[in-house]
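Since the structure comes first, as structure tokens, the remarks are kept for the end.
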Amino acid sequence: MHKFNELLYPWYQLNQRELPWRGVSDPYLIWVSETILQQTRVSQGLDYYGRFVKRFPDVNSLAGAHEDELMKIWEGLGYYSRARNMHEAAQNIVKVHNGIFPNQYDEILKLKGVGEYTAAAVASIAFGLPYAVVDGNVSRVMARYFGISEAVNTTTGQKLVREAANELLKSSLKSIHTGIHNQAVMELGALVCTPKNPGCGICPVAESCHANLKKIVALLPLKNRNLKRSVKYFNFLVIEHEGAYFIEKRTSPGIWKNLYQFPLVETPSELKDDEIINLPEVKQIIVWSGSSIVNISQVYKRVLTHRDIYARFIYMRTSGVMFTDKNFFKVNKEEISNFAFPVLITNYLRKSGILPGIR
Ligand code: SF4
Numbered sequence: 299m300h301k302f303n304e305l306l307y308p309w310y311q312l313n314q315r316e317l318p319w320r321g322v323s324d325p326y327l328i329w330v331s332e333t334i335l336q337q338t339r340v341s342q343g344l345d346y347y348g349r350f351v352k353r354f355p356d357v358n359s360l361a362g363a364h365e366d367e368l369m370k371i372w373e374g375l376g377y378y379s380r381a382r383n384m385h386e387a388a389q390n391i392v393k394v395h396n397g398i399f400p401n402q403y404d405e406i407l408k409l410k411g412v413g414e415y416t417a418a419a420v421a422s423i424a425f426g427l428p429y430a431v432v433d434g435n436v437s438r439v440m441a442r443y444f445g446i447s448e449a450v451n452t453t454t455g456q457k458l459v460r461e462a463a464n465e466l467l468k469s470s471l472k473s474i475h476t477g478i479h480n481q482a483v484m485e486l487g488a489l490v491c492t493p494k495n496p497g498c499g500i501c502p503v504a505e506s507c508h509a510n511l512k513k514i515v516a517l518l519p520l521k522n523r524n525l526k527r528s529v530k531y532f533n534f535l536v537i538e539h540e541g542a543y544f545i546e547k548r549t550s551p552g553i554w555k556n557l558y559q560f561p562l563v564e565t566p567s568e569l570k571d572d573e574i575i576n577l578p579e580v581k582q583i584i585v586w587s588g589s590s591i592v593n594i595s596q597v598y599k600r601v602l603t604h605r606d607i608y609a610r611f612i613y614m615r616t617s618g619v620m621f622t623d624k625n626f627f628k629v630n631k632e633e634i635s636n637f638a639f640p641v642l643i644t645n646y647l648r649k650s651g652i653l654p655g656i657r
């Protein structure tokens, strides 16, 4: 057995966190937990996981869910394509596999939205198959423990990380369940070998860790910083008409697909108040309907992995506007909480008092 594993397993037995999906072998529940935990902290994911599996306890219930209800449960968790993909995958499992979760890695990998990481997690934890998981935690631990000096977000770096993770998994195949091995490595990355201030002083594998012995922990893992970020400027028109608001469902591909929003005017840069007032779309609504602008909000910022979004909300009151665009429909203030909005819009709704919350 590799030295790393010898040191890791006893530590994991004593230090693993108690989490609702620990000790679970139902592939559906493992898939749900792993999908929720992508891009989400465990502390935030716990509540969502509990609500999700209470409402959709198995593949069949998820497959039969109404999309709006699913998005409402997912609201606030972000990266909504995860929920849409799970929905489609569940329907596919019902159709193609008679509702039984596939038990082979290649079949799991074919499910919509399932990448190598999730397929390896489900295959190993639910079925004991020999696939090493590689997520951000594992990449960091491998880079530091083995001293991998390639950037871990490059193809070459990922290949080296994957080889190292597979080598560790293989060295213990006969002595430990592959799912436990994978969870132990991830747990070390989550609890001890953290991105900032790693706990080398209490780390079970410190005595054989390359980065620790060479005193280069702070330098690893290396990352290629040249990933381009894009910036979006959104101006949402919050048009109130007799205590109701016009909203639409986003249908275009993207992270907010199937969520709801107010009429949107996207601009190439951030606008000042007087520039917003002079936007052709705003002027047109004023001319058509005799609307008046009640206020223009502060800037709301949302930072996503590769994108920054800056949004302002232009609150308008009208006695007569009617959208001819069939996408828009009117929702009473009391009903607005039934619709799933992106976090940025929910923050505005709470702050402005349209939804109950802190002003
Ligand atoms: S000794 Fe430090 S750098 Fe090495 S694996 Fe442990 S926490 Fe990470």
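Sequential numbering of the sequence shown, starting at 299, is according to my numbering.
Even for Gly, the Cβ is constructed at its ideal location relative to N, Cα and C.
Owing to the predicted nature of the structure, the values given are computational and were not obtained by experimental measurement.
Based on the DSSP output, what are the partners of Asp606 in its beta bridges?
Val529 and Val601
Per DSSP, the bridge partner or partners of Val536
Tyr613
Buried/exposed call for Asn533, threshold 16 Cβ in 10 Å:
buried
Using 10 angstroms around the beta-carbon of His385, count the other beta-carbons present and answer buried if the total reaches 16, otherwise exposed.
Around the beta-carbon of His385, 16 or more other beta-carbon atoms lie within 10 Å, marking it buried.
Report the residue from Ile371, Ser587 and Ser567 whose alpha carbon sits nearest the alpha carbon of Val597.
Ser567
Does Tyr377 come out as helix, strand or coil in the three-state DSSP assignment?
Residue state, collapsed to three classes: coil.
For ligand 1, any of its heavy atoms closer than 6 Å to the Cβ of Ala509?
yes
Would you call the CB atoms of Val420 and Ile398 closer than 7 Å?
No, the pair does not count as a contact, with Cβ atoms beyond the cut-off.
Quick one: complete beta strand (DSSP E) runs, 3+ long, within the region 299-349?
none
What residues are listed by DSSP as bridge partners for Val563?
Asn533
Going by DSSP in three states, Asn451 sits in which element: helix, strand or coil?
coil
Burial state of Asp433 (16 or more Cβ within 10 Å):
buried
Does the contact criterion of 3 or more C-beta pairs under 8 Å hold for the region 477-492 versus the region 431-447?
yes
When every heavy atom of ligand 1 is checked, does at least one fall within less than 6 Å of the C-beta of Ala504?
Answer for Ala504: yes, Cβ within range of ligand 1.
Could you give the first and the last residue of the continuous alpha helix (DSSP H) run that contains Asn593?
Looking at the DSSP string, Asn593 is not in any alpha helix (DSSP H); the run it does join, the beta strand (DSSP E), is Ser590 to Ile594.
Run of the beta strand (DSSP E) containing Val503, from where it starts to where it stops
From DSSP, Val503 is part of no beta strand (DSSP E); its letter is neither H nor E.
Would Ile656 be called buried (16 or more neighbouring beta carbons within 10 Å of its own) or exposed?
Note that Ile656 has pLDDT 46, beneath the 50 cutoff, so the model's placement of it is unreliable and the number below is only indicative. Exposed, since its Cβ has fewer than 16 Cβ neighbours within 10 Å.
Is any non-hydrogen atom of ligand 1 found closer than 6 Å to the C-beta of Arg605, if you look at the structure I gave you?
For ligand 1, not one heavy atom lies less than 6 Å from the Cβ of Arg605.
Do three or more CB pairs link the region 354-364 to the region 378-397 at distances below 8 Å?
yes
Which residues in the same chain have their Cβ closer than 7 Å to the Cβ of Glu316, if we skip the five residues on either side of it in sequence?
none
From the DSSP output, read off the bridge partner residues of Phe354.
Per DSSP, none; premise fails for Phe354.
Closer than 7 Å by C-beta to Ala381: which residues in its own chain qualify, once you throw out the five before and the five after it? Chain order, please.
Leu368, Met369 and Trp372
Let me check one thing: in DSSP terms, what residues is Tyr558 bridge-paired to?
Lys547
Taking all protein chains shown into account, decide if Thr416 is buried (16 or more other Cβ within 10 angstroms of its Cβ) or exposed.
buried
With DSSP as the reference, label Ile656 as helix, strand or coil.
Confidence is the limiting factor: at Ile656 the pLDDT is only 46, short of 50, which leaves the residue's position unreliable, though a coordinate-based value still follows. Note: Ile656 maps to coil in three-state DSSP.
Within 10 angstroms of its Cβ, does His479 collect 16 or more other Cβ (buried), or is it exposed?
By the Cβ-count criterion, His479 is buried, with 16 or more other Cβ atoms from all chains shown falling within 10 Å of its own Cβ.
Using alpha carbons as the reference points, say which of Val601, Tyr310 and His300 lies closest to Pro502.
Nearest option by C-alpha distance: Tyr310.
So Pro561 and Glu546 are supposed to be a Cβ contact under 8 Å. How far apart are they, rounded?
7 Å
Are His466 and His364 touching if we call contact CB-CB under 7 Å?
A small correction: the amino acid at residue 466 is Leu; His does not occupy that position in the sequence shown. In this structure, His364 does not lie closer than 7 Å to Leu466 by Cβ.
Whether Phe637 touches Tyr558 by CB criterion (7 Å):
yes
Alpha carbon to alpha carbon, how far is Asp606 from Gly426? Give it in angstroms, no decimals.
40 Å
Quick one: give me the first and last residue of the beta strand (DSSP E) that Lys370 is part of.
From DSSP, Lys370 is part of no beta strand (DSSP E) but of the alpha helix (DSSP H) over Glu365 to Trp372.
Restricting to Cα atoms, I'd like to know which of Val450, Asn313, Arg442 and Ser635 is closest to Ala504.
Arg442
Between the CA atoms of Ile514 and Cys498 - distance to the nearest angstrom
Roughly 12 Å between the two C-alpha positions.
Asn435 - containing alpha helix (DSSP H), residue span
Gly434 to Phe444
Starting from the C-beta of Lys599, find all residues in its chain whose C-beta is less than 6 Å away, skip the five residues before and the five after it, and write them out in chain order.
Tyr608
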